[in-house]
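First the structure, in the form of structure tokens, and then the observations on it.
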Ligand SMILES: NC(=O)c1ccc[n+]([C@@H]2O[C@H](COP(=O)([O-])OP(=O)(O)OC[C@H]3O[C@@H](n4cnc5c(N)ncnc54)[C@H](O)[C@@H]3O)[C@@H](O)[C@H]2O)c1
Ligand SMILES: NC(=O)c1ccc[n+]([C@@H]2O[C@H](COP(=O)([O-])OP(=O)(O)OC[C@H]3O[C@@H](n4cnc5c(N)ncnc54)[C@H](O)[C@@H]3O)[C@@H](O)[C@H]2O)c1
Ligand SMILES: [Zn+2]
Ligand SMILES: [Zn+2]
């Protein structure tokens, strides 16, 4: 393999870390993990990813002199539960993970969030390494230190801020990712362009096929996304402000996930985000904030990449405008009845818009639903 | 009530807080909690303590304009479980605790550890207030930010460092505490004298009855203990060094708790600590580190207060020397086979002693067991 791309995340208090991006990183992961110190490095993964990459990662860790082990959970969002969290913690303890040892999250965002939360709370905190294997995890969830699980009362309501000590994004692992998961992750890639980097969105329009096919554009795109996210996280780690911009498209997206019962057969997160991005731009245009032309460009590009961009595209439907509003009101971005949206003045020009009137949203959604 | 005693805990990064100590603090708790900001303050308690003080605390919070609520768990160590943790988190969410709101732990160390961990992880961290109602919680567990639950694989293995924003130690609540729990907490009080404050141990010998009966000595003792613990915590929050001194008597004590199956009918934590303190001093004397006279004084005083001080005093027995060694080896204070003890050069002169030989410990324990 060629040298990996590197993004440094300069957090304070000795918590800075590197994100390495390249094809084939898993084969050499052991030496990089061993360099962090510790005697054991125990892997948490899901059964699908473990069967593909678990042995290679374990072998690499053990070759580097680390005692290793594997805790595998069922694939899918349902594993971000209290019960699986307890099983992962007990599994790590059974593998005798001590305070100086490492937890290695090998998998998509589900495994990263779950293993990260277990690491945050095992013995009141052990260090962890992210080895993200889905596009979404490589460009988003593995960076920034948000970890957690779901409660029956809502997604990601339980968790901790716990930064990884290292992120190894082996982009060759995406070769085995399903087309659908690849597209879903791509919605988050495009999101970074839409938030604050119009030039990157242009580049995506020209080069997106290389990301899917595994050309050098893939590594480049992952690095650009990680750099963008790392910058936001360093400036606003706890989401008191700017970090909320990363939720562009997510207020609508989360509502759609909720209304489809988090059934991935109907809608996965990135598909909800794709629809949400298109809606955020059309809503911005309707409010006179953003050129209608930009809203059109966003929807066209996402559709070209095979992503849904309308409420009608939700399999089984998503209810009426009030059901959508209700589902949005349960989101954390709601304060005292008024909705906070991330809106845009154009591609690459997003901003936090608090106090958006419920009536304006309802009218917009009604038109979107009627436009079938 | 008279003005409460105050101990300030000067932690960095805006995490400093006050410990207030006095009779009747619950009645005025609402105003002090409301001063921290937030709209809701939801209480976590156990059923015993909730029935005694829950209504008064709720009324005080609501009088101060806070929306309140109560999540009650079964009393006892068994509530420091994954399942009860999940139930507490979901209970707090059902009471609509938002990021700016407060969790109030009303109870002994079990409730404080459990509610603190729920607060540390609810929405990735909400603020919490400790209202400790057992002597142990007032002098030890409510101060210092260690929160957590037990795993089937061991005590306190899951948790987080999460400092309270305020501690309200209403010493009048101890009037309803059982004699046995009072004595158990008193072992931790005496511990502070033994660790580093010979003058306080002298004072305890003279004034311990006032602590039990609820005289002004009680508030004074709680304040002295909190000041001592706060000092250690500020200097070594994450237990990289000095904080380990607080474990004086606990290596033996934890082993005894383990060997009695954590059955409080047989042994509660403070009783294990009392035996452990006596053993730590006798072991120090045997190693020629500490005058035998000091070891005798320690055991005599604890016995006078009604606490056990020998292995023979463990109801149902505690196994032989090897069983004890095994149980100690499972403790976190074991590194690479060698045992780390907290030993003493005399009353008020404890120190961390790493690398104590297993054989020396075994011989000591055999003599202790044979000395029936
Ligand atoms: N922590 C954060 O900041 C953050 C940010 C965004 C999303 N998330 C979370 O991420 C989760 C979604 O992540 P995801 O989309 O990666 O889901 P996921 O982890 O469930 O992975 C999707 C599917 O792809 C499979 N898979 C993963 N890598 C593979 C590979 N290389 N080859 C073949 N199959 C592979 C998995 O087994 C799974 O079935 C959600 O729970 C979401 O809340 C977290
Ligand atoms: N976090 C820390 O730093 C730390 C330090 C030491 C101990 N601990 C933990 O503390 C726990 C032990 O605490 P504990 O001894 O307070 O046990 P506890 O919380 O179980 O309380 C003991 C009993 O006393 C009852 N009780 C409490 N206050 C009462 C009152 N005012 N009137 C009547 N009954 C009352 C409770 O209902 C319970 O049955 C253990 O789990 C231990 O691990 C934590
Ligand atoms: Zn997302
Ligand atoms: Zn103790």
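Protein chains in written order, with the UniProt record's numbering: chain A, 1 to 372; chain B, 1 to 372. From the three backbone atoms N, C-alpha and C, an ideal C-beta is built for every residue, glycine too.
Within 9 angstroms, strictly: CB atoms of residue i and residue j
i, j, result
"residue 167 (chain A)", "residue 118 (chain A)", "no"
"residue 145 (chain A)", "residue 164 (chain A)", "yes"
"residue 356 (chain B)", "residue 339 (chain B)", "yes"
"residue 107 (chain A)", "residue 133 (chain A)", "yes"
"residue 196 (chain B)", "residue 245 (chain B)", "yes"
"residue 309 (chain A)", "residue 353 (chain A)", "no"
"residue 198 (chain A)", "residue 292 (chain A)", "no"
"residue 43 (chain B)", "residue 70 (chain B)", "yes"
"residue 247 (chain A)", "residue 158 (chain A)", "no"
"residue 47 (chain B)", "residue 184 (chain B)", "no"
"residue 28 (chain B)", "residue 60 (chain B)", "yes"
"residue 276 (chain A)", "residue 252 (chain A)", "yes"
"residue 103 (chain A)", "residue 129 (chain A)", "yes"
"residue 105 (chain B)", "residue 65 (chain B)", "no"
"residue 314 (chain A)", "residue 365 (chain A)", "no"
"residue 135 (chain B)", "residue 182 (chain B)", "yes"
"residue 73 (chain B)", "residue 122 (chain B)", "no"
"residue 124 (chain B)", "residue 160 (chain A)", "yes"
"residue 203 (chain A)", "residue 304 (chain A)", "no"
"residue 307 (chain B)", "residue 206 (chain B)", "no"
"residue 17 (chain A)", "residue 155 (chain A)", "no"
Three-state secondary structure (DSSP) of residue i
i, result
"residue 108 (chain A)", "coil"
"residue 316 (chain B)", "coil"
"residue 378 (chain A)", "An answer regarding residue 378 (chain A) cannot be provided, because it is not within the stretch 1 to 372 covered by chain A."
"residue 260 (chain A)", "coil"
"residue 238 (chain A)", "coil"
"residue 69 (chain B)", "strand"
"residue 39 (chain B)", "coil"
"residue 46 (chain B)", "strand"
"residue 80 (chain B)", "coil"
"residue 96 (chain A)", "coil"
"residue 245 (chain B)", "helix"
"residue 267 (chain B)", "coil"
"residue 369 (chain A)", "helix"
"residue 304 (chain B)", "helix"
"residue 272 (chain A)", "helix"
"residue 28 (chain A)", "helix"
"residue 296 (chain A)", "helix"
"residue 287 (chain A)", "coil"
Residue i, buried or exposed, once every other Cβ within 10 Å from all chains shown has been counted against 16
i, result
"residue 31 (chain B)", "exposed"
"residue 350 (chain A)", "buried"
"residue 54 (chain A)", "buried"
"residue 229 (chain A)", "buried"
"residue 91 (chain B)", "buried"
"residue 150 (chain A)", "buried"
"residue 10 (chain B)", "exposed"
"residue 142 (chain B)", "buried"
"residue 138 (chain B)", "buried"
Check: residue i C-beta below 8 angstroms from any heavy atom of ligand 5
i, result
"residue 111 (chain A)", "Ligand 5 is not among the ligands present in this structure, which contains only ligand 1, ligand 2, ligand 3 and ligand 4."
Residue(s) in a DSSP beta bridge with residue i
i, result
"residue 127 (chain B)", "B:102"
"residue 17 (chain A)", "A:9"
"residue 170 (chain A)", "A:22"
"residue 310 (chain A)", "Its beta-bridge partners do not exist; DSSP assigns none."
"residue 147 (chain B)", "B:160"
"residue 132 (chain B)", "B:107"
"residue 344 (chain A)", "A:350"
"residue 194 (chain A)", "Its beta-bridge partners do not exist; DSSP assigns none."
"residue 154 (chain A)", "A:151"
"residue 122 (chain A)", "B:158"
- Between the segment 82–97 of chain A and chain B, which residues of the former have CB atoms less than 7 angstroms from a CB of the latter, in chain order? 82, 86, 89, 90, 93, 94
- Of all the residues that make up the segment 122–146 of chain B, which are near chain A by a beta-carbon distance shorter than 8 angstroms? 122, 123, 124, 125, 146
- Task: Could you name the residues of the segment 154–167 of chain B whose beta carbon sits closer than 9 angstroms to any beta carbon of chain A, in the order they occur along the chain?
- Result: 154, 156, 157, 158, 159, 160, 161
- Query: Of all the residues that make up the segment 354–365 of chain B, which are near chain A by a beta-carbon distance shorter than 9 angstroms?
  - Reply: none
- Message: Please list, in chain order, the residues of the segment 20–51 of chain A that have any C-beta partner in chain B closer than 8 angstroms.
- Response: none
- Between the segment 69–82 of chain B and chain A, which residues of the former have a C-beta closer than 7 angstroms to a C-beta of the latter? 82
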